[in-house]
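Worksheet: one structure, shown below.
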Amino acid sequence: MGAKRRKLSNPLALAVMVLLSEHPMHPYEIAQTLRRRGKETSVKINFGSLYTVVQNLEKHGYVEVAEVQRQGNRPERTLYGLTGTGREEMLDWMADLVAVPAREFPLFETALSLIGVLPPDEAVALLQERVDALDIQHAAVEAILSKLYERMPRLFVVETEFQLHMIAAQAKWIRGLLKDIADGSLTGLDGWRQLHTTGEVPEEWEKLEGEDPPKP
C-alpha cells in the first residue's frame, strides 16, 4: 500500500505542524526551534519560504491564527496554532512516513544506473573519491552526534543516528563494489571495458535490449 497523495507534500510543512502541536508559535520562533534542535540536517529550512509554508497550511485549514502580539512600537507578531484538522493530517502523514517505504530517487542511485558511460578506471577513481568524502562526512556527523547526546535525549537525535548509519552503509557498499571491480568478479566488467576500448556495445548487451527487466 502506497503513501497517500497530500495537499501539501513539503517536509517543512510537516515539521511546522509538529512544532505547532506543542504550542502556538511565530514563524521566526519555528525556524529558531528547528535550528536549536538540530533539525537542519534532516529538514531543509529556508526562513523566507517558511512564511509561505505557514500561509499554505493556513489556506488548507491545518493551522490558524492563535494570537496577535503587540509590544510597544515593535511590529505585530502573529502566532499560529494547529487546528484539529491539522492534527489529524500531521498524525496521518507521520504514520505514512514511518510505516510505508517510499520509492525515492537519490541522485547517486541515478548516477549508478548510468555509470557504464564512464570508463571503468575513471569510475573507480571517482568512486574512491566519494568513499573518501563519505569517511570525512561520517567523522563530522559522528562528532555532531556526540555533542547532541550531551544536551539532548536520544529520542531527539535518532534521525542523526540514521544519517550516520546510512553514510557508513553507503561507504561499505562502495568499497565492496571497488573490490569486485579490482578482482574482476563484477559481472559485465569485460563488456564495460570493451565498450570503452573499441567503442562498440558488446553483443551480449544488445541481446538484453529485447528483454523486459523484472519489476520490483
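At position 135 of the sequence shown (counting the first as 1) the number is 135 in the working numbering, and the numbers step up by one without a gap. We treat Cβ as the ideally placed atom computed from N, Cα and C, and that holds for glycine. The structure presented is a predicted model; accordingly, all values stated were derived computationally and were not measured.
{"Item": "Alpha carbon of M1 to alpha carbon of A102, nearest angstrom", "Value": "The predicted position of M1 is uncertain, since its pLDDT is 49 and thus under 50; a value taken from the coordinates is nonetheless stated next. Answer to the nearest angstrom: the Cα atoms are 10 Å apart."}
{"Item": "Exposure label - I136; buried when at least 16 CB within 10 Å", "Value": "exposed"}
{"Item": "N-terminal and C-terminal residue of the beta strand (DSSP E) that V117 is part of", "Value": "Here V117 belongs to no beta strand (DSSP E), and DSSP marks it neither H nor E."}
{"Item": "Assigned exposure category for W192 - 16 Cβ within 10 Å defines buried", "Value": "buried"}
{"Item": "Three-state secondary structure assigned by DSSP to Y80", "Value": "strand"}
{"Item": "Cross-strand partners of E67 (DSSP beta bridge)", "Value": "L79"}
{"Item": "DSSP-derived helix/strand/coil call for M25", "Value": "strand"}
{"Item": "I167 to R130 span [Cα, whole Å]", "Value": "11 Å"}
{"Item": "Element boundaries [alpha helix (DSSP H), containing A15]", "Value": "11 to 20"}
{"Item": "K39 - DSSP class collapsed to helix/strand/coil", "Value": "helix"}
{"Item": "Straight-line gap, S9 to Q194 (C-alpha atoms, nearest Å)", "Value": "45 Å"}
{"Item": "Extent of the continuous alpha helix (DSSP H) run through S49", "Value": "47 to 59"}
{"Item": "Meets three-Cβ-pair contact criterion under 8 Å: the stretch 56 to 67 and the stretch 103 to 115", "Value": "no"}
{"Item": "Nearest-angstrom Cα separation, counted from H196 out to K39", "Value": "45 Å"}
{"Item": "Range covered by the alpha helix (DSSP H) that runs through G184", "Value": "First-last for G184: undefined, no H or E at that position."}
{"Item": "Exposed unless 16 or more other CB atoms sit within 10 angstroms - verdict on M90", "Value": "buried"}
{"Item": "Reduced DSSP secondary structure (H/G/I, E/B, other) of A111", "Value": "helix"}
{"Item": "Where the alpha helix (DSSP H) through L224 begins and ends", "Value": "Residue numbering for the chain in the displayed model covers 1 to 216; residue 224 lies beyond these limits and cannot be assessed."}
{"Item": "Three-way DSSP call (helix, strand, coil) for L8 in this model", "Value": "coil"}
{"Item": "Beta-carbon proximity list for A66, same chain, < 7 Å, skipping 5 on both sides", "Value": "P24, L79, Y80, G81"}
{"Item": "DSSP three-state assignment for G199, whether helix, strand or coil", "Value": "coil"}
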